[in-house]
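Engineer: The structure follows.
2 protein chains.
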Amino acid sequence: MSENKVTIADVAREAGVSKGLVSFALNDRPGVSAESRVRILEIAERLGWTPSLRARSLSTRRSFALGLVIARDPEVLGSDPFFPSFIAGVETVLAPQGLALVLSVVPDETTEMRTYRALVSDGRVDGVFLSDLRHNDPRIPLLQELGLPAVTLGRPDTKSPFPCISVDDTPGVAETVRYLVSLGHRRIAHVAGSPALLHGSRRRAAFDTALREAGLPAGQSIETDFSVAAGADAARRLLTQDSPPTAIVFANDPMAIAGLGVAHELGLRVPDDVSITGFDDIDFTRYVYPALTTVRTAPSDWGRAAGRTLLDLMEHGTAPDVDLPAGRLVIRGSAGTPVRP
Amino acid sequence: MSENKVTIADVAREAGVSKGLVSFALNDRPGVSAESRVRILEIAERLGWTPSLRARSLSTRRSFALGLVIARDPEVLGSDPFFPSFIAGVETVLAPQGLALVLSVVPDETTEMRTYRALVSDGRVDGVFLSDLRHNDPRIPLLQELGLPAVTLGRPDTKSPFPCISVDDTPGVAETVRYLVSLGHRRIAHVAGSPALLHGSRRRAAFDTALREAGLPAGQSIETDFSVAAGADAARRLLTQDSPPTAIVFANDPMAIAGLGVAHELGLRVPDDVSITGFDDIDFTRYVYPALTTVRTAPSDWGRAAGRTLLDLMEHGTAPDVDLPAGRLVIRGSAGTPVRP
DNA sequence: CACGTTGTCTGAACCGGTTTAGGCCAACCT
DNA sequence: AGGTTGGCCTAAACCGGTTCAGACAACGTG
Numbered sequence: 001m002s003e004n005k006v007t008i009a010d011v012a013r014e015a016g017v018s019k020g021l022v023s024f025a026l027n028d029r030p031g032v033s034a035e036s037r038v039r040i041l042e043i044a045e046r047l048g049w050t051p052s053l054r055a056r057s058l059s060t061r062r063s064f065a066l067g068l069v070i071a072r073d074p075e076v077l078g079s080d081p082f083f084p085s086f087i088a089g090v091e092t093v094l095a096p097q098g099l100a101l102v103l104s105v106v107p108d109e110t111t112e113m114r115t116y117r118a119l120v121s122d123g124r125v126d127g128v129f130l131s132d133l134r135h136n137d138p139r140i141p142l143l144q145e146l147g148l149p150a151v152t153l154g155r156p157d158t159k160s161p162f163p164c165i166s167v168d169d170t171p172g173v174a175e176t177v178r179y180l181v182s183l184g185h186r187r188i189a190h191v192a193g194s195p196a197l198l199h200g201s202r203r204r205a206a207f208d209t210a211l212r213e214a215g216l217p218a219g220q221s222i223e224t225d226f227s228v229a230a231g232a233d234a235a236r237r238l239l240t241q242d243s244p245p246t247a248i249v250f251a252n253d254p255m256a257i258a259g260l261g262v263a264h265e266l267g268l269r270v271p272d273d274v275s276i277t278g279f280d281d282i283d284f285t286r287y288v289y290p291a292l293t294t295v296r297t298a299p300s301d302w303g304r305a306a307g308r309t310l311l312d313l314m315e316h317g318t319a320p321d322v323d324l325p326a327g328r329l330v331i332r333g334s335a336g337t338p339v340r341p
Numbered sequence: 001m002s003e004n005k006v007t008i009a010d011v012a013r014e015a016g017v018s019k020g021l022v023s024f025a026l027n028d029r030p031g032v033s034a035e036s037r038v039r040i041l042e043i044a045e046r047l048g049w050t051p052s053l054r055a056r057s058l059s060t061r062r063s064f065a066l067g068l069v070i071a072r073d074p075e076v077l078g079s080d081p082f083f084p085s086f087i088a089g090v091e092t093v094l095a096p097q098g099l100a101l102v103l104s105v106v107p108d109e110t111t112e113m114r115t116y117r118a119l120v121s122d123g124r125v126d127g128v129f130l131s132d133l134r135h136n137d138p139r140i141p142l143l144q145e146l147g148l149p150a151v152t153l154g155r156p157d158t159k160s161p162f163p164c165i166s167v168d169d170t171p172g173v174a175e176t177v178r179y180l181v182s183l184g185h186r187r188i189a190h191v192a193g194s195p196a197l198l199h200g201s202r203r204r205a206a207f208d209t210a211l212r213e214a215g216l217p218a219g220q221s222i223e224t225d226f227s228v229a230a231g232a233d234a235a236r237r238l239l240t241q242d243s244p245p246t247a248i249v250f251a252n253d254p255m256a257i258a259g260l261g262v263a264h265e266l267g268l269r270v271p272d273d274v275s276i277t278g279f280d281d282i283d284f285t286r287y288v289y290p291a292l293t294t295v296r297t298a299p300s301d302w303g304r305a306a307g308r309t310l311l312d313l314m315e316h317g318t319a320p321d322v323d324l325p326a327g328r329l330v331i332r333g334s335a336g337t338p339v340r341p
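One line per chain: the protein sequences are A and B, in this order. The first sequence begins at 1 in the UniProt record's numbering and counts up by one. The second sequence begins at 1 in the UniProt record's numbering and counts up by one.
Take a look at the structure:
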């Protein structure tokens with residue numbers, strides 16, 4: 001009762017033509033007279049015909065679905081609103097095309113590679129989004145070998161046949177550092193993300209560069225896995241040492257928020273005793289105290305751009321890279337003039 | 001090159017038997033001699049045969065995929081780690097079965113209903129998870145009409161043909177209120193979630209009941225949409241009135257964290273001037289200051305249970321409801337003895 | 001008038017599985 | 001011996017589309 005009952009054969013019989021002609025008319029391809037076309041369409045409409053995705057899949061060898069495989073520690077995944085927003089953005093372009101999004105959340109990299117292979121050998125998706133790019137990312141040659149169209153979220157550090165959607169984190173980090181320096185900070189530390197992830201190491205490199213350009217000595221950096229817990233640990237280490245930094249630049253907002261908590265817990269005032277900045281401008285930032293100074297990024301724009309580019313790629317076999325506007329610093333209360341520089 | 005080239009016909013030819021027999025052997029069904037079976041399996045193995053999902057889909061009228069449609073304001077979605085964890089839990093049971101998860105994030109309820117219809121008429125999924133249950137939820141009759149198997153996340157307030165996976169929020173809320181009362185609180189307010197959502201209104205009802213059972217007069221309640229922003233607004237309204245509450249029970253953690261921020265901003269000490277509790281025990285709770293006293297829930301357990309139940313339902317046509325253990329109060333620093341009761 | 005040309009349409013093969021009707025043969029029963 | 005049963009297997013239909021070779025008629029052209 002629920003499944004679509006009327007097939008192309010029903011339409012053909014009703015219209016007194018062959019299946020093939022109906023198919024041509026429905027996909028408006030040449031070789032059908034104007035009268036036949038409207039008559040067939042009219043009959044299909046009247047009979048309530050809808051295409052069978054499964055039949056179409058079998059004969060066209062396409063699945064009309066796109067894939068996203070997320071290999072993140074569930075803890076990190078939960079505190080980071082990137083993916084929900086990204087997916088919402090992707091959907092806005094997939095839904096109108098009748099495409100579905102197949103999502104896999106996997107625990108580790110081995111499973112991740114296996115998942116891509118399975119998606120391909122099942123013919124489950126026609127293309128994938130590659131996120132959380134890593135150094136020398138093994139997924140790029142894998143997907144190339146598998147012949148699966150893909151777009152990368154971020155610019156890979158190796159040769160890649162796939163279009164990429166990227167946003168330069170450097171200006172945001174640089175702007176943050178310049179702002180802190182302008183407030184009088186000289187001992188600025190960085191709580192970096194995972195060095196294995198490109199956006200982790202790039203933000204860190206941007207931080208180092210920014211300090212150098214400000215004429216300051218290299219600052220302290222602590223590597224983390226981007227998790228809230230790791231952010232808290234890093235903040236505690238930085239703030240409990242002798243002559244702690246007067247400002248800490250966190251590589252993402254969840255860690256920065258944990259940093260705020262640690263500062264409070266240690267009896268430090270923010271921003272008087274220590275300034276704190278984040279990255280991403282997640283919703284929480286506005287409502288913690290003090291509100292977090294951070295760099296605004298737009299994950300749902302990424303999603304839209306990535307979706308459009310992947311469609312382009314699948315349709316034309318090629319698609320240009322997209323550079324999204326760099327994030328700008330959003331100034332709130334968590335960074336200020338140090339009372340004891 | 002990527003697509004699976006070897007078909008069941010190749011195996012049949014190589015084995016010198018018919019397609020049908022190969023199919024029987026591969027699905028180990030009766031009617032195949034032991035020798036033939038091992039020979040066919042051996043040959044399929046040697047040839048590297050893998051089933052074509054698409055062909056199987058067409059002939060069995062199944063899609064080997066399950067659906068999840070999320071209709072939430074992106075803002076609320078982003079700050080709430082429920083779905084990432086839930087999905088991770090679901091995956092642990094789907095992946096071993098070779099099932100995929102099709103995810104839709106839609107902006108509103110109208111689109112949501114349309115999405116379900118599309119999923120069914122495309123035959124895109126074999127079953128769905130129904131989350132964020134609403135009062136008199138229109139999706140239940142819709143799915144019933146569409147004949148799509150489903151499990152509900154939470155117990156519906158109307159007659160439902162579907163198994164449900166539920167957890168009783170009442171004990172957690174009750175425990176929270178009793179704890180606050182035991183600390184000496186008498187003016188306890190509630191920042192409720194959306195009254196349209198069952199878990200929103202149930203937590204609120206549990207709150208009212210708990211106060212009554214403690215012999216206290218009805219407390220103040222403010223309805224919200226579960227968003228961080230709404231939580232902050234509610235907290236501000238509660239705390240800036242004459243004789244504000246000494247404790248606020250928030251219906252979820254993101255709002256509670258926003259509440260902490262508002263309290264700080266108003267110059268109130270937590271928990272001395274106002275105690276704050278949350279619900280869900282998201283990762284942030286441990287790392288804000290003071291750490292949030294909240295009720296622990298386990299979204300990935302929900303995911304696992306929901307996945308198993310949906311598989312059961314699809315296989316046997318029926319599946320029992322599952323009651324997950326109620327969340328327990330996790331005591332941290334954000335609630336304490338009121339200094340001015 | 002014979003000859004392409006063009007436009008419209010049909011029939012059948014095809015995608016790669018599942019499923020059913022029925023054939024054949026050996027074993028068993030009376 | 002003849003009839004029944006059951007195990008093993010094949011051929012063909014089927015799921016519902018797409019696609020291609022070719023039939024046929026109308027048309028213009030030299």
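A virtual CB, placed ideally from N, CA and C, is assigned to each residue, including glycine.
Establish whether the CB of Asp283/A and some CB of chain B are separated by less than 7 Å.
Structural biologist: True, the Cβ-Cβ gap to chain B drops below 7 Å.
Engineer: Once you ignore the five residues that flank Ala88/B on each side, which residues in its own chain have a CB closer than 7 Å to its CB?
Structural biologist: So the qualifying residues of the chain are Ser300, Gly303.
Engineer: Which value, in whole angstroms, describes the spacing of the CA atoms of Ala298/A and Ser85/A?
Structural biologist: Their backbone Cα atoms lie some 8 Å apart in a straight line.
Engineer: Report yes if the CB atom of Ile140/A is closer than 7 Å to the CB atom of Ser160/A, and no otherwise.
Structural biologist: Yes, the Cβ-Cβ distance between Ile140/A and Ser160/A is below 7 Å.
Engineer: What is the DSSP secondary structure of His190/A, reduced to helix, strand or coil?
Structural biologist: In this structure, His190/A counts as strand in the three-state DSSP scheme.
Engineer: Which term fits Ala235/A, buried or exposed, when burial requires 16 or more other beta carbons within 10 angstroms of its beta carbon?
Structural biologist: Classification of Ala235/A: buried, given that the 10 Å Cβ count is 16 or more.
Engineer: Do the region 102-122 of chain B and the region 53-72 of chain B make contact, defined as three or more Cβ pairs closer than 8 Å?
Structural biologist: The region 102-122 of chain B is in contact with the region 53-72 of chain B.
Engineer: Using the Cα positions of Asp233/B and Thr224/B, report the straight-line distance between them to the nearest angstrom.
Structural biologist: Looking at the two C-alpha atoms, the distance is approximately 9 Å.
Engineer: Tell me the rounded alpha-carbon separation between residue 362/B and Leu133/B.
Structural biologist: The requested residue 362/B is not part of the displayed model; chain B covers only 1 to 341.
Engineer: Could you check where the alpha helix (DSSP H) with Ser23/B kicks off and where it finishes?
Structural biologist: Its alpha helix (DSSP H) spans residues 19-26.
Engineer: Distance, Cα to Cα, Asp333/B vs Asp73/A?
Structural biologist: Rather than Asp, the amino acid found at residue 333/B in this sequence is Gly. Those two C-alpha atoms are separated by around 27 Å.
Engineer: Taking the continuous alpha helix (DSSP H) assigned at Ala65/B, which residues delimit it?
Structural biologist: Counting along the chain, Ala65/B falls outside any alpha helix (DSSP H), though it belongs to the beta strand (DSSP E) covering 65-71.
Engineer: Taking 7 Å as the threshold (beta carbon to beta carbon), is Thr60/B in contact with chain A?
Structural biologist: False, the Cβ-Cβ gap to chain A never drops below 7 Å.
Engineer: Compare the C-beta of Ser160/B with all C-beta atoms of chain A and state if any pair is closer than 7 Å.
Structural biologist: It does not: the Cβ of Ser160/B has no partner Cβ on chain A nearer than 7 Å.
Engineer: Would you verify that the beta carbon of Ala87/B is, or is not, closer than 7 Å to some beta carbon of chain A?
Structural biologist: Going by the sequence as given, residue 87/B is Ile instead of Ala. Yes - at least one Cβ of chain A is within 7 Å of the one on Ile87/B.
Engineer: So with Cβ pairs under 7 Å, would you call Thr50/B a contact of chain A?
Structural biologist: Answer yes: the Cβ-Cβ gap between Thr50/B and chain A drops below 7 Å somewhere.
Engineer: DSSP three-state call for Val275/B: helix, strand or coil?
Structural biologist: Residue 275/B is actually Ser in this sequence, not Val. Three-state result, Ser275/B: strand.
Engineer: On a CA-only basis, which of Thr170/A, Ala335/A, Asp321/A is nearest Gly151/A? Give me that one, please.
Structural biologist: At residue 151/A the sequence reads Val, which differs from the Gly that was named. Checked all of Thr170/A, Ala335/A, Asp321/A; the closest Cα to Val151/A is Asp321/A.
Engineer: Give the single residue among Pro338/B, Ala291/B, Gly219/B, Ala326/B whose Cα lies nearest to the Cα of Asp273/B.
Structural biologist: Comparing Cα positions, the closest option is Pro338/B.
Engineer: Along the UniProt domain "HTH lacI-type" (6-60) of chain B, where does the CB come closer than 8 Å to a CB of chain A? Name the residues.
Structural biologist: Listed in sequence order: Thr50, Ser52, Leu53, Arg54, Ala55, Ser57, Leu58.
Engineer: Which chain A residues are close to Arg124/B, counting only those with a beta carbon under 7 Å from its beta carbon?
Structural biologist: Going along chain A in sequence order, the residues near Arg124/B (Cβ under 7 Å) are Leu53, Ala100.
Engineer: Could you pull the start and end residues of the beta strand (DSSP E) that Leu101/A belongs to?
Structural biologist: That run of the beta strand (DSSP E) goes 100-106.
Engineer: Run through chain B and tell me which residues come within less than 9 Å of Val167/A, C-beta to C-beta.
Structural biologist: In chain order: nothing, as chain B lies at least about 18 Å away.
Engineer: Along chain A, in chain order, which residues have C-beta atoms closer than 8 Å to that of Ser79/B?
Structural biologist: By Cβ distance, chain A contributes Pro81, Ile282, Asp283, Phe284.
Engineer: Under 7 Å between C-beta atoms, does Leu103/B make it to chain A?
Structural biologist: Interface residue, yes.
Engineer: Mind checking if Val295/B is an interface residue toward chain A, Cβ cutoff 7 Å exclusive?
Structural biologist: Val295/B does not count as touching chain A.
Engineer: Out of Thr294/A, Leu99/A, Phe207/A, Arg29/A, point me to the one whose CA is closest to Ser57/A's CA.
Structural biologist: Answer by Cα proximity: Leu99/A.
Engineer: Can you name the residues of chain B whose CB is closer than 7 Å to the CB of Ala258/A?
Structural biologist: Under the 7 Å cutoff, chain B gives Tyr287.
Engineer: Mind checking Val38/B: buried by the 16 CB within 10 Å criterion, or exposed?
Structural biologist: Classification of Val38/B: exposed, given that the 10 Å Cβ count is below 16.
Engineer: Can you name the start and end residues of the alpha helix (DSSP H) that Thr60/A belongs to?
Structural biologist: 53-60 is the span of the alpha helix (DSSP H), which, as asked, contains Thr60/A.
Engineer: For Gly127/A, which of helix, strand or coil comes out of DSSP?
Structural biologist: Three-state DSSP puts Gly127/A in a strand.
Engineer: Could you spell out where the beta strand (DSSP E) holding Phe250/A opens and where it closes?
Structural biologist: From DSSP, the beta strand (DSSP E) with Phe250/A extends over 247-250.
Engineer: Got a sec? Which residues, its chain only, sit under 7 Å from Ala326/B by beta carbon, not counting five neighbours each side?
Structural biologist: Counting only Cβ-Cβ distances below 7 Å, and skipping sequence neighbours, we find Val167, Asp168, Pro171, Gly172.
Engineer: Determine the DSSP secondary structure at Thr293/A, reduced to helix, strand or coil.
Structural biologist: Three-state result, Thr293/A: strand.
Engineer: Quick one: using the 10 Å Cβ neighbour count with 16 as the cut-off for buried, is Ile8/B buried or exposed?
Structural biologist: Per the 10 Å Cβ criterion, buried.
Engineer: Looking only at its own chain, which residues have a Cβ that is under 7 Å from the Cβ of Lys19/B, when we skip the five neighbours before and after it?
Structural biologist: Closer than 7 Å at Cβ, skipping near neighbours: Ile8, Ala9, Ala12.
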